[in-house]
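Using the numbering used here, you'd call the opening residue of the sequence shown number 14 and step up by one each time.
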Amino acid sequence: MPKTKFQAVIFTLMMVMVMVYPMICFNISLEIGKMTNQVFLMAFRELVVMAPIAFLIEMLVVEKLARGLAFRIVNPNDRPIFIILTISTMIVCLMCPIMSFIATFLYKDAGAEFIAVWLQTTTINFFMALFLQIFVAGPLVRNFFRMIFKKSLSSNNKQAIVNQ
């Protein structure tokens with residue numbers, strides 16, 4: 014959808030915020046054994062660290078790699094929804110293990126069990142991240158992004174998705 018580098022930065026910032034904060038809340042609630050109002054406040058402390066990390070990883074590594082992987086499955090002539098879902102899935106497949114690794118390193122006292130804790134964290138996070146991306150964050154951010162950049166986005170969204 015973004016047509017310029019500026020739009021790509023804005024889109025990624027929005028997506029990071031809508032994905033990272035709920036994922037942090039999810040992980041904190043798992044760690045303490047329940048969801049409480051306190052979880053929402055606790056998550057802001059981690060968000061300050063994890064959001065910039067996620068943004069940099071997404072912008073510098075994952076976006077291009079995810080597109081490359083996605084276009085091995087779909088082609089530019091496919092329906093836009095298939096392209097979007099494939100790219101989104103590839104992003105989750107790449108970001109989830111990376112961010113789970115970073116979260117395990119920074120926030121879990123894994124010690125000698127680091128690999129096992131990281132794999133468990135990745136497995137638990139993957140399905141939540143995929144659900145959040147496909148059904149909540151993706152549609153929400155894309156719709157909000159279209160509202161913000163309505164004038165500059167062309168009516169040919171399919172070509173914008175392919176060129177992104």
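We put the beta carbon where it would ideally sit given N, CA and C, even for glycine.
Alpha carbon of residue i to alpha carbon of residue j, nearest angstrom
i	j	result
M32	R92	25 Å
M27	N156	11 Å
V154	L69	18 Å
Y34	G151	14 Å
V149	K164	24 Å
I128	F19	37 Å
I94	M112	26 Å
Nearest to residue i (by Cα), restricted to the options the options
i	options	result
L143	S101, M72, T134	S101
Y120	L60, F162, L69	L60
M103	K47, K163, L78	L78
N138	L43, I23, M14	L43
Residue i (DSSP reduced to helix, strand or coil)
i	result
K121	coil
V110	Correcting the residue identity first, residue 110 is Pro in this sequence and not Val. Three-state DSSP puts P110 in a helix.
M48	coil
V149	helix
N138	helix
S101	helix
L162	One detail in the question is off: residue 162 reads as Phe in this sequence, not Leu. Looking at F162 - three-state DSSP - the assignment turns out to be coil, as it is neither helix nor strand.
M63	helix
Distance CB(residue i)-CB(residue j) smaller than 7 Å
i	j	result
A56	I41	yes
T17	M72	no
W131	F114	yes
T179	A123	Nothing about residue 179 can be reported from this structure: the residues present for the chain run from 14 to 177 only.
V87	I97	no
Proximity test, residue i beta-carbon vs the ligand GDP heavy atom, cut-off 6 Å
i	result
L132	Among the components of this structure there are no ligands whatsoever, and the ligand GDP is therefore not found.
For this session: Please confirm if the region 102-113 is in contact with the region 79-94, defined as three or more CB-CB distances below 8 Å between the two stretches.
Result: yes
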